[in-house]
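Protein chains in written order, with the numbering used here: chain A, 1 to 346; chain B, 347 to 582.
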């Protein structure tokens, strides 16, 4: 084995692993707060990437319209489901979040779309759009069944994944797209060449991990999210709106997914269904972390990335098989070492 | 004295089974009221329904406002606070984090004042401020649950079986603290199986049997009632 090749593969693996780490962390976050195994995480990646690429090419992405449609459904649900406790202030608040906010996002997108729009604005718009989709996805698909079992929530998540993927095909077409890189800079250290884009991947991953850590360790709102995960009734009894906590968790996951998509779309061509496979690799990392441990998930994600890089070099036909087979010994080990827990204990 | 909490003709059902049938009660400002009764009489059900955890048919008002349309979180904001039977602490988080979250709805300055007050009331919690809530002893967990509920500066504190499973010396400690709460302007609605201790500190009492109030009045009179003495105080 040649050292240069090893270094090159490691670099490639760490770049991919950083993306998987972000997605794995988002999965752990969402599961902790809402007990939802977020299968549609990959769609957030696709939507972020392709919304960004579409905006960069000067067109209005279909996702901007989807936000408005989802907002209207969410508003209708608010009115119907909370009719028992409806007050004017609540209706006004719901109208603001579900109707005014999406409309503002659409108007902003229509106004700012054009060939010469700076990349930063395209990125900001993409994050706004996909973030809002995440927010409404929780409100529409998961909030009404928040009290049900993990299995029911999982099935709903699979349904959301299929629906969002189908809608993605309608919006973005079957052809793949690439987006403009954040930076064209590049430099070389010994045998390795670092592009500005891969540096951006490392920097953004580290910044987001640090940001999440600060949020959950030091802010009252971060602690409130953790409290929702630890004890739902206890959280409600101190006045934390757990439905809102779920929406915030989905919002964070959607934004993290979209950022991942925007980071990789200049490197690889993304299709409407590419996100799913990328999300699954984040899922492998999250499973290795037991769906609870953030540090373990991040380390596992790097490992997944490196294994993938090496297997695509030495056995490229079996690349995916090898990566997903990683999960089997972990599951075996976990099922042997952890005592069986009754899922519906609360 | 003005009425703080008013419940009128409350019916609470689990499916088709009515656990509470047409009870009415009120708690005035600065008052300690207790509901005593045997296990399964419907006391916990009633508290949970007042808090909004269970649906209640009938009237519930607080400080003159109708609570019927309010969710749990809104009732907390209105000044109601419940220390539930199972305490529902954030076990994997530290004592001080639990307390800080108790003041989630009020500002930073008020929260700091609340924290001082709670630490004065329960010095044990101050000693263990960094410890995880799940590793505390039963008595300390009960203190933490009460402390967390007091952090949001409620007008009415509802306590569900605070003495359950605790050593007598700790029970005495907790009941003394409940007595002290009145001095700081907090009303208390106390549900207890330990009728003796509850009747000693309460101003008024309700006796609950099979989902109905069978007796009510000043705590002294209730304690003096022959049937109560026999059934709940182990006298006679």
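Using N, Cα and C, we set each Cβ at its ideal position, and we do this for glycine too.
So the candidates are the options; which of them puts its Cα closest to the Cα of residue i?
| i | options | result |
| --- | --- | --- |
| residue 353 of chain B | B/372, B/499, B/415 | B/372 |
| residue 129 of chain A | A/262, A/81, A/237 | A/262 |
| residue 46 of chain A | A/101, A/79, A/126 | A/126 |
| residue 556 of chain B | B/579, B/384, B/505 | B/384 |
| residue 284 of chain A | A/269, A/302, A/216, A/272 | A/302 |
| residue 461 of chain B | B/490, B/363, B/416, B/547 | B/490 |
| residue 139 of chain A | A/124, A/248, A/330 | A/248 |
| residue 30 of chain A | A/144, A/307, A/134, A/322 | A/134 |
| residue 525 of chain B | B/379, B/559, B/576 | B/379 |
| residue 368 of chain B | B/375, B/359, B/376 | B/359 |
| residue 234 of chain A | B/437, B/486, B/381 | B/437 |
| residue 183 of chain A | A/120, A/275, A/80, A/107 | A/120 |
| residue 198 of chain A | A/3, A/8, A/4 | A/8 |
| residue 326 of chain B | B/571, B/548, B/543, B/532 | This structure leaves residue 326 of chain B out entirely; chain B is present only between 347 and 582. |
| residue 475 of chain B | B/445, B/573, B/407, B/388 | B/445 |
| residue 334 of chain A | A/324, A/287, A/300, A/315 | A/287 |
| residue 579 of chain B | B/516, B/567, B/540, B/364 | B/540 |
| residue 516 of chain B | B/500, B/486, B/527 | B/486 |
| residue 159 of chain A | A/174, A/142, A/169, A/173 | A/142 |
| residue 545 of chain B | B/527, B/575, B/435 | B/575 |
| residue 259 of chain A | A/136, A/324, A/131 | A/131 |
| residue 563 of chain B | B/466, B/370, B/451 | B/370 |
| residue 355 of chain B | B/528, B/577, B/406, B/465 | B/406 |
| residue 382 of chain B | B/553, B/388, B/454 | B/553 |
| residue 201 of chain A | A/6, A/329, A/12 | A/12 |
For residue i, which residues in chain B fall below 8 Å Cβ to Cβ?
| i | result |
| --- | --- |
| residue 146 of chain A | None at all; the shortest Cβ gap to chain B is about 13 Å. |
| residue 240 of chain A | 419, 447, 450 |
| residue 231 of chain A | 434, 435, 436, 437 |
Note down, in chain order, every chain A residue with its Cβ under 9 Å from the Cβ of residue i.
| i | result |
| --- | --- |
| residue 498 of chain B | 238, 239 |
| residue 537 of chain B | The premise fails here: residue 537 of chain B is roughly 15 Å from chain A at the closest Cβ pair, so nothing lies under 9 Å. |
| residue 423 of chain B | 239 |
Identify the contact partners of residue i in chain B, using a Cβ-Cβ distance below 9 Å as the criterion.
| i | result |
| --- | --- |
| residue 227 of chain A | 436, 439, 443, 444, 447, 450 |
By the criterion of Cβ-Cβ separation under 7 Å, what are the contact partners of residue i in chain B?
| i | result |
| --- | --- |
| residue 234 of chain A | 434, 435, 436 |
Can you pull the chain A residues whose beta carbon is under 8 Å from the beta carbon of residue i, in chain order?
| i | result |
| --- | --- |
| residue 428 of chain B | 237 |
| residue 374 of chain B | Ordered by position in chain A, no residue passes the 8 Å Cβ test against residue 374 of chain B, which lies about 24 Å from the chain. |
| residue 356 of chain B | What residue 356 of chain B touches in chain A: nothing, since even the nearest Cβ is about 17 Å away. |
Could you work out which residues of chain A lie near residue i, taking near to mean beta carbons separated by less than 7 Å?
| i | result |
| --- | --- |
| residue 365 of chain B | Within chain A, no residue comes near residue 365 of chain B; the closest Cβ sits about 18 Å away, beyond 7 Å. |
Using beta carbons (cut-off 7 Å, strictly below), is residue i in contact with chain D?
| i | result |
| --- | --- |
| residue 116 of chain A | This model lacks chain D altogether; the protein chains it does include are A and B. |
- Spell out a yes or no on whether the region 402-420 of chain B and the region 509-525 of chain B are touching, meaning 3 or more CB-CB pairs, one atom from each, closer than 8 Å. Touching, no, given that fewer than three Cβ pairs across the two stretches are closer than 8 Å.
- Item | Near-chain B residues of the region 202-225 of chain A - C-beta to any C-beta below 7 Å | From the region 202-225 of chain A, only 220, 223, 224 have a Cβ closer than 7 Å to chain B.
- Query: Three or more beta-carbon pairs under 8 Å between the region 15-31 of chain A and the region 105-119 of chain A, yes or no?
  - Reply: Note that the region 15-31 of chain A does not touch the region 105-119 of chain A; fewer than 3 beta-carbon pairs, one per stretch, sit closer than 8 Å.
- Task: Starting from the N-terminal side, write out each stretch of the alpha helix (DSSP H) that is 4 residues or longer and does not extend beyond the region 485-568 of chain B.
- Result: Within the region 485-568 of chain B, complete alpha helix (DSSP H) segments of at least 4 residues are found at 514-529, 541-547, given in chain order.
- Selection of the region 460-494 of chain B by Cβ proximity to chain A, strictly under 8 Å: Here the close residues are 494.
- Query: Is the region 175-189 of chain A close to the region 70-79 of chain A, with three or more CB pairs under 8 Å?
  - Reply: Contact between the region 175-189 of chain A and the region 70-79 of chain A is absent, because fewer than three Cβ pairs lie under 8 Å.
- Message: Under 7 Å, CB to CB, which of the residues in the region 258-284 of chain A have a partner in chain B?
- Response: So nothing in the stretch comes that close.
- Item | Ranges of the alpha helix (DSSP H) found wholly within the region 417-446 of chain B, counting only runs of at least 4 | Segments of the alpha helix (DSSP H) lying fully in the region 417-446 of chain B: 418-424.
- Message: Tell me whether the region 259-273 of chain A and the region 47-62 of chain A touch, counting them as touching only if at least three CB pairs, one residue from each stretch, are closer than 8 Å.
- Response: Contact between the region 259-273 of chain A and the region 47-62 of chain A is established, with three or more Cβ pairs separated by less than 8 Å.
- Item | Contact set between the region 504-524 of chain B and chain A, restricted to residues whose Cβ is under 8 Å from the partner | Legend: CB atoms of the region 504-524 of chain B lying less than 8 Å from CB atoms of chain A are not found in any residue.
- Query: Below 8 Å, can you find three or more Cβ-Cβ pairs linking the region 456-472 of chain B to the region 389-397 of chain B?
  - Reply: Because the criterion of three Cβ pairs below 8 Å is not met, the region 456-472 of chain B and the region 389-397 of chain B do not touch.
- Counting Cβ pairs, one atom from each stretch, are 3 or more of them under 8 Å apart for the region 28-42 of chain A and the region 146-165 of chain A? The region 28-42 of chain A is in contact with the region 146-165 of chain A.
- Under 8 Å (Cβ pairs) to chain A, residues found in the region 382-397 of chain B: Listed by position, the residues of the region 382-397 of chain B near chain A (Cβ gap below 8 Å) are 397.
- Message: Quick check: the region 226-242 of chain A against the region 411-425 of chain B, are at least 3 beta-carbon pairs closer than 8 Å?
- Response: With the rule of 3 Cβ pairs closer than 8 Å, the region 411-425 of chain B counts as touching the region 226-242 of chain A.
- Message: Quick test of the definition: if touching needs 3 or more C-beta pairs under 8 Å, does the region 268-287 of chain A touch the region 300-317 of chain A?
- Response: Using a Cβ-Cβ distance cut-off of 8 Å, the region 268-287 of chain A and the region 300-317 of chain A are in contact, since at least three pairs of beta carbons, one from each stretch, lie closer than that value.
- Message: Using a Cβ distance threshold of 8 Å, determine whether the region 495-505 of chain B contacts the region 419-435 of chain B, with at least three qualifying pairs required.
- Response: Touching, yes, given that three or more Cβ pairs across the two stretches are closer than 8 Å.
- Contained alpha helix (DSSP H) runs [length at least 4] in the region 100-165 of chain A, N- to C-terminal order: 101-112, 119-137, all fully within the region 100-165 of chain A.
- Message: Across the region 153-172 of chain A and the region 82-98 of chain A, are there enough close Cβ pairs to call them in contact, namely three or more that are closer than 8 Å?
- Response: No, the region 153-172 of chain A does not touch the region 82-98 of chain A.
- Query: Where in the region 4-51 of chain A do unbroken runs of the alpha helix (DSSP H), each at least 4 residues long, occur, reported from the N-terminal end onward?
  - Reply: Entirely contained in the region 4-51 of chain A, not one alpha helix (DSSP H) run reaches 4 residues.
- Message: Quick check on the DSSP output: what are the complete beta strand (DSSP E) runs of length 3 or more inside the region 363-416 of chain B, in order along the chain?
- Response: List check, beta strand (DSSP E) in window: 363-374, 378-383, 403-408.
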